Amino acid sequence: MKANEILREQIKNEIPGQRCCLITALKVALRLYGSFHITKRGLMVEFKKEDPALLRRTIRIFKSAFPRQKELEILFDDKKYWVQIFAPRPIWQELNLFSAEDEFMPDVSVSSSCCLVQFVRETVLYKGYLVNFEEGYQLEIREPGPFTDMLLSTLNQWNVKFYIYPGRFLIKGGENLIFFLTHIHCRAMVEKLSQYRDFKKDKNSTVRLTNYSMANLTRQVNGYERMRPVLEELKNGPGLESLPAPLREVAWLRLEHPSLTLSELGKLARPPLSKGGVSSRLKRIVLLYERWKEEA
């Protein structure tokens, strides 16, 4: 399952426990995807969304927020993707669909901190898109119409860093995204993101170590291949015994242990030599070899 689907499913399946948060969830859903109608049967809001699960969620939230409302009537068609809710005026006033003065679509009011969190969660549910972690750490939120200013104000209040583009906002970066998801209580997604970051960090370390080891091995093989013909010619010509004792020891060690590094060769010498000491003696052997070639 993709990261965005996991995030949406988590928010979608978690119904708020407090009534004020239920009201906030309805305010966001109905203002974004609802249309208000005055019918012969009374006041009605039609909620349209091409996701039957969201339609059922809206019905469940509405019934949880107004459990004792006898005048409530809900019609549902998951094939045509709509929910029609008939309710008395006080309910629509509480949901900020019009004010007591019959002013349609007044400003939406969200006061408490828990409702502010629920507001952002609902906005992410309807307008957010979380990019797969393999492609980067990024959450895109399309401008939520009447809630744009409130969303920007909330992100600034939470000190969440975001970037504004035409018609959308972006929350980027692993740490920043974890900080934001923690604020809106998406713990499951925070855990998945943290696990993926740890996995990627370990993978990158392994790749770097492998590349480093391969580079060292390549240098080691190339170094031996450059020295081998020199030592072989000396061995078959004047003989390695013609070399001074310190150089002769290093020459034999190099021929007998082609896979060892200079540091490892130095440990086999008596007395032990440093990497620089072995390198210096090999260079002296090359100089003697070149002198022998000139004289020959």
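So the sequence shown is residues 228 to 523, counted in the working numbering. No residue lacks a Cβ here, since even glycine has one placed at the ideal position from N, Cα and C. The structure presented is a predicted model; accordingly, all values stated were derived computationally and were not measured.
Subject >> Same chain, Cβ closer than 6 Å to Met416, neighbours up to 5 away in sequence not counted >> reply: Leu234, Leu408
Original post:
Near Ile250, what residues of its chain come up, given a Cβ to Cβ distance below 7 Å and the 5 sequence neighbours on each side ignored?
Top reply: Ala292, Glu321, Leu322
Subject >> Cβ-based neighbour list, Ile316, same chain, cut-off 7 Å, excluding 5 preceding and 5 following >> reply: The sequence given here has Arg at residue 316, not Ile. Counting only Cβ-Cβ distances below 7 Å, and skipping sequence neighbours, we find Leu270.
Subject >> Bounding residues of the alpha helix (DSSP H) (the contiguous stretch that carries Trp385) >> reply: Taken as a continuous stretch (DSSP letters only), Trp385 belongs to no alpha helix (DSSP H), as it is neither H nor E.
Original post:
Excluding sequence positions up to five away, which residues of its chain have a Cβ less than 6 Å from the Cβ of Ile301?
Top reply: Ile286, Ile312
Original post:
Sorted by chain position, which residues of the same chain lie with C-beta nearer than 6 Å to Ile238's C-beta, five sequence neighbours on each side aside?
Top reply: Arg348, Leu352
Subject >> Assigned exposure category for Thr381 - 16 Cβ within 10 Å defines buried >> reply: buried
Original post:
What's the C-alpha gap between Cys247 and Asp425?
Top reply: 38 Å
Original post:
Taking the beta strand (DSSP E) that Phe293 falls in, what are its first and last residues?
Top reply: Premise fails: Phe293 is in no beta strand (DSSP E) and is neither H nor E.
Subject >> Rounded C-alpha distance that separates Val310 from Asn383 >> reply: 35 Å
Subject >> Contacts around Tyr356, its chain only, beta-carbon distance under 6 Å, and the 5 residues preceding and following it disregarded >> reply: Asn231, Glu367
**OP:** For my contact list, Val337 and Phe346 are in at a C-beta cut-off of 8 Å; report their separation, rounded to the angstrom.
**Re:** 5 Å
**OP:** Look at the Cβ atom of Leu259, then the Cβ atom of Gly372, and state whether they are nearer than 8 Å.
**Re:** yes
Original post:
Can you find a heavy atom of the ligand FAD that lies under 7 Å from the Cβ of Lys306?
Top reply: The ligand FAD is absent from the structure shown, which contains no ligand whatsoever.
Original post:
Which value, in whole angstroms, describes the spacing of the CA atoms of Asp304 and Glu273?
Top reply: 11 Å
Subject >> DSSP bridge partner residues for His264 (one or two, in chain order) >> reply: Met271
Original post:
Taking the alpha carbon of Arg497 as the point to measure from, which residue in Leu461, Tyr364, Ala472 has its own alpha carbon closest?
Top reply: Ala472
Original post:
Per DSSP, what kind of secondary structure is Tyr364 in: helix, strand or coil?
Top reply: coil
**OP:** Could you tell me the distance, in whole angstroms, from the CA atom of Leu461 to the CA atom of Ser490?
**Re:** 23 Å
**OP:** Report the rounded CA-to-CA distance for Arg295 versus Ile288, giving the unit in angstroms.
**Re:** 13 Å
**OP:** Identify, in the order they occur along the chain, each residue of the same chain with its Cβ nearer than 8 Å to the Cβ of Leu470, setting aside the five sequence neighbours on each side.
**Re:** Leu461, Ala478, Ile512, Leu515
**OP:** Give a yes or no on whether the C-beta atoms belonging to Trp519 and Gly466 are separated by under 8 Å.
**Re:** no
Subject >> 7 Å Cβ shell around Lys275 - same chain, five flanking residues per side excluded >> reply: Tyr260, Tyr308, Trp309
Original post:
What residues are listed by DSSP as bridge partners for Lys176?
Top reply: Lying outside 228 to 523, the shown extent of the chain, residue 176 is not represented and no answer is given.
Original post:
Quick one, which of Lys502, Lys494, Leu509, Arg453 has its alpha-carbon nearest Arg475's?
Top reply: Leu509
Original post:
Along the chain, where does the alpha helix (DSSP H) that runs through Val335 open and close?
Top reply: Per DSSP, Val335 belongs to no alpha helix (DSSP H) and is neither H nor E.
**OP:** State the Cα-Cα distance for the pair Val335 and Ala252, rounded to the nearest angstrom.
**Re:** 12 Å
Original post:
So Gly394 packs on Glu370, CB below 8 Å; how close in whole Å?
Top reply: 5 Å
**OP:** Per DSSP, which residues does Gly355 bridge with? Please list them.
**Re:** Ile368
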